Amino acid sequence: MNDIRFDQIFPLGEKNDAYAQYFIGQSYLAPLISGSVPVSNITFEPGCRNNWHIHRGTAGGGDQILLCTAGSGWYQAEGEDPTSMEPGTAIRVPAGTKHWHGAKADSWFSHVAFITPGEGVSNEWLEPVTDEAYGKLPKDGEKA
Numbered sequence: 001m002n003d004i005r006f007d008q009i010f011p012l013g014e015k016n017d018a019y020a021q022y023f024i025g026q027s028y029l030a031p032l033i034s035g036s037v038p039v040s041n042i043t044f045e046p047g048c049r050n051n052w053h054i055h056r057g058t059a060g061g062g063d064q065i066l067l068c069t070a071g072s073g074w075y076q077a078e079g080e081d082p083t084s085m086e087p088g089t090a091i092r093v094p095a096g097t098k099h100w101h102g103a104k105a106d107s108w109f110s111h112v113a114f115i116t117p118g119e120g121v122s123n124e125w126l127e128p129v130t131d132e133a134y135g136k137l138p139k140d141g142e143k144a
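Mapping the sequence shown onto full-length UniProt numbering, position 121 (from 1) lands on 121, and the numbers just tick up by one.
See below:
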């Protein structure tokens, strides 16, 4: 196991090597529940974020649910202002929404994530969030 010290209620998990190509920085994955609705805790080191991506699905499936459990991070849908995520923040990402999420530059960040079940549920990974765009996000004390 990792010897990282980040106070959170769920396990840190292992390095998220299977999805490393879709992240800038280091993330960790801790599967919490398997089955028809897998639930995982994803932890991001400071500055780590995933690429823009889209969850797809039909018949009511494909929505992503993000529940911040520790640290501080960002969620942003294409064309919208970034949303600050603090412990207790819950976000529903409707299927078909281009978005990204990750840690703030100076904070670890963890969220529990799952996708609502349905027909044709899939994930499309897109381009990275550039360092330039990420660097323009508000700093501590600034509003998004």
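All C-beta atoms in this analysis are idealised placements derived from N, C-alpha and C, irrespective of residue type, glycine included. Note that the structure is a prediction, hence the values are computed from the model and not measured.
- By the C-beta criterion, the segment 33-42 is judged not to be in contact with the segment 74-81, since fewer than 3 inter-stretch pairs fall below 8 Å.
- The three-state reading of DSSP puts Gly62 in coil, since its state is none of H, G, I, E or B.
- Counting the other CB atoms within 10 Å of its CB gives Gln21 a total below 16, which places it among the exposed residues.
- Per the Cβ contact rule, the segment 119-129 is in contact with the segment 43-54 (3 or more Cβ pairs under 8 Å).
- Taking each of Asp63, Asp81 and Arg92 in turn and checking the Cα distance to Pro138, the smallest one comes out for Asp81.
- If you draw a straight line from the Cα of Gln8 to the Cα of Ala18, it comes to about 23 Å.
- A check of alpha carbon separations from Ala70 across Val121, Gly13 and His111 identifies His111 as the nearest.
- Beta-bridge pairing by DSSP links Glu14 to Leu29.
- The beta carbon of Ser36 sits closer than 7 Å to those of Pro117, all from its chain and outside the five residues before and after it, given in chain order.
- Counted as a single uninterrupted DSSP element, the beta strand (DSSP E) harbouring Ala113 occupies residues Phe109 to Ile115.
- Rounded to whole angstroms, the gap between the alpha carbons of Arg56 and Val121 is 5 Å.
- C-alpha of Gly25 to C-alpha of Glu45: approximately 7 Å in a straight line.
- Within the DSSP secondary-structure output, Cys68 pairs in a beta bridge with His111.
- Taking 8 Å as the upper bound for CB-CB distance, Glu119 and Ala59 are in contact here, some 5 Å apart.
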